[in-house]
Amino acid sequence: MGRPPCCDKVGIKKGPWTPEEDIILVTYIQEHGPGNWRSVPTNTGLLRCSKSCRLRWTNYLRPGIKRGNFTPHEEGMIVHLQALWGNKWAAIASYLPQRTDNDIKNYWNTHLKKKMKNTQNISRLLEGWMISSASHKKQETNKDCINGVVESVDLELESVLAFDNVCSWDKILSGDCYPKDDERKLQKQESPTLTFFDRWLLDESASQLEGVIEQQVN
DNA sequence: AAGGCGGTCAACCGCCTCGTC
DNA sequence: GGACGAGGCGGTTGACCGCCT
Numbered sequence: 005m006g007r008p009p010c011c012d013k014v015g016i017k018k019g020p021w022t023p024e025e026d027i028i029l030v031t032y033i034q035e036h037g038p039g040n041w042r043s044v045p046t047n048t049g050l051l052r053c054s055k056s057c058r059l060r061w062t063n064y065l066r067p068g069i070k071r072g073n074f075t076p077h078e079e080g081m082i083v084h085l086q087a088l089w090g091n092k093w094a095a096i097a098s099y100l101p102q103r104t105d106n107d108i109k110n111y112w113n114t115h116l117k118k119k120m121k122n123t124q125n126i127s128r129l130l131e132g133w134m135i136s137s138a139s140h141k142k143q144e145t146n147k148d149c150i151n152g153v154v155e156s157v158d159l160e161l162e163s164v165l166a167f168d169n170v171c172s173w174d175k176i177l178s179g180d181c182y183p184k185d186d187e188r189k190l191q192k193q194e195s196p197t198l199t200f201f202d203r204w205l206l207d208e209s210a211s212q213l214e215g216v217i218e219q220q221v222n
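Numbering follows this note's numbering, with no gaps: position 39 of the first sequence is 43.
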């Protein structure tokens, strides 16, 4: 016998919240404050599970939530923190107080994971070329060239993980680099119109790969 | 015009953690 | 120390939307 559900499923409404339900929930929380979610459905008459009420509040209705596009800085923070901690979305969200863990998780799954995969694929492709070129006459030259590209990929990765060159990787690992310091430093910088990944995928990698391919052909 | 398809994101599910008794 | 309950968390789902054919 497993644990009983958090609330009686009979008569519980599911699916998207209506504006009326939102108003009821917000009004109640403004009067009583968030917490004691178990009593919220009973006291408000909402036909929602207590968990659903909490989730609606924390992910959507809570004041101070920033919606819309993520800035390059936020993107860099997410990539960096995800690399450090893995899928600890709540911990990552604590460094981005205007974003919810759900938002960050969705953004990672729909945008960043794809970009990271592209980067890894290109890196793997280059390594593959390195192996296949072993029998080639220009083996050493190619190897050096491809090694250089792979190295630059690593360096770029390191730089983005280090908040776009604001903080060194060593410092981050040692815990000497905190988001608030970086925010101040970043405020002095021009905001790039493209993210690192966009720039890298569009420009840097394209031109470098062209060079490698040209060498392979020649 | 309409059906297919993929991307996005709000919401749900079930497990985990922590506090209380 | 263990049972129980509430809240927290991460993975997953499904509705919706826009684009493509």
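Glycine is no exception: its CB is placed at the ideal position from the N, C-alpha and C atoms.
Taking only the alpha-carbon atoms, compute the straight-line gap between I47 and R103 and give it to the nearest angstrom. In the first sequence, the residue the question calls residue 47 occupies position 43. In the first sequence, the residue the question calls residue 103 occupies position 99. The amino acid at residue 47 is misidentified as Ile; the sequence shows Asn. Whole-angstrom Cα-Cα distance: 29 Å.
Alpha carbons only, please: which of Y32, K117, I82, K118 is nearest the one belonging to P101? Position 97 of the first sequence, counted from the first residue, corresponds to residue 101. Of Y32, K117, I82, K118, the residue nearest in Cα terms is I82.
Can at least three beta-carbon pairs, one atom from the segment 50-70 and one from the segment 19-36, be found at a separation below 8 Å? yes
Name the two residues that bound the continuous alpha helix (DSSP H) containing I31. In the first sequence, counting from the first residue as 1, residue 31 sits at position 27. Looking at the sequence shown, residue 31 is not Ile but Thr. Its alpha helix (DSSP H) spans residues 23-36.
Alpha-carbon spacing of I108 relative to G15, whole angstroms: Here residue 108 is taken as the residue at index 104 of the first sequence, counted from 1. Here residue 15 is taken as the residue at index 11 of the first sequence, counted from 1. Distance from the CA atom of I108 to the CA atom of G15, rounded to whole angstroms, is 32 Å.
Near V30, what residues of its chain come up, given a Cβ to Cβ distance below 7 Å and the 5 sequence neighbours on each side ignored? Looking up residue 30 in the first sequence gives position 26. Contacts found: L65.
Of all the options L88, V44, T75, W89, which has the alpha carbon lying nearest to the alpha carbon of E115? By 1-based counting over the first sequence, the position of residue 115 is 111. Checking the displayed sequence, the identity of residue 115 turns out to be His instead of Glu. Answer by Cα proximity: T75.
W41 to A94 span [Cα, whole Å]: Within the first sequence, residue 41 is the residue found at index 37, counting from 1. Within the first sequence, residue 94 is the residue found at index 90, counting from 1. Taking the straight line joining both Cα atoms gives about 19 Å.
Where are the alpha helix (DSSP H) runs, 4 residues long or more, that stay fully inside the segment 29-105, in chain order? Listed in chain order, they are 43-48, 54-60, 76-89, 93-97.
What is the DSSP secondary structure of K119, reduced to helix, strand or coil? Residue 119 sits at position 115 when you count from the first residue of the first sequence. Helix.
Would DSSP call I16 helix, strand or coil? The count along the first sequence starts at 1 and reaches residue 16 at position 12. Correct three-state label for I16: coil.
Nearest by alpha-carbon distance to L50: which of R60, I28, Y99, I33 is it? Here residue 50 corresponds to residue number 46 of the first sequence, with the count starting at 1. Ranking the options by Cα distance to L50, first place goes to I28.
P45: buried (16+ other C-beta within 10 angstroms of its C-beta) or exposed? Sequence index remark: in the first sequence, residue 45 carries index 41 (1-based). So P45 ends up on the buried side.
Can you say whether W89 is buried or exposed, counting buried as having 16 or more other CB atoms within 10 angstroms of its CB? Within the first sequence, numbered from 1, the residue matching residue 89 stands at position 85. So W89 counts as exposed.
Taking 7 Å as the cut-off, is the C-beta of H77 nearer than that to any heavy atom in the ligand NAD? Although the ligand NAD was asked about, the structure shown includes no ligands whatsoever.
Contact under 8 Å by Cβ, L85 with I69: For the purposes of this step, residue 85 is identified with residue 81 of the first sequence, where counting begins at 1. For the purposes of this step, residue 69 is identified with residue 65 of the first sequence, where counting begins at 1. Not a contact, by the Cβ cut-off of 8 Å.
Between D17 and the rest of its own chain, which residues show a CB-CB distance below 7 Å, the 5 nearest in sequence each way excluded? Working through the first sequence from its first residue, we reach residue 17 at position 13. The question names Asp, but residue 17 is Lys in the sequence shown. Only L51, R52 meet the Cβ criterion.
Exposed or buried, what is W39 when buried is set at 16 or more other beta-carbons lying within 10 Å of its beta-carbon? Within the first sequence, numbered from 1, the residue matching residue 39 stands at position 35. Just to set this straight, residue 39 is Gly in the shown sequence, not Trp. The residue in question, G39, is exposed, as its Cβ has fewer than 16 Cβ neighbours within 10 Å.
Would you call the CB atoms of N63 and N106 closer than 8 Å? Here the question's residue 63 lines up with position 59 in the first sequence. Here the question's residue 106 lines up with position 102 in the first sequence. Yes, they are a contact pair.
Quick check on E35: buried or exposed, where buried means 16 or more other Cβ atoms within 10 Å of its Cβ? Counted from its first residue, the first sequence places residue 35 at position 31. Taking every protein chain shown into account, the CB of E35 has fewer than 16 other CB atoms within 10 angstroms, so this residue is exposed.
Classification of G223 by the beta-carbon crowding that lies within 10 angstroms, buried from 16 upward: What is shown of the chain runs 5 to 222, which leaves residue 223 out entirely.
Applying the criterion that 16 or more other CB atoms from any shown protein chain within 10 Å of the CB defines a buried residue, is R60 buried or exposed? Within the first sequence, residue 60 is the residue found at index 56, counting from 1. By the neighbour-count rule (16 or more Cβ atoms within 10 Å), R60 is buried.
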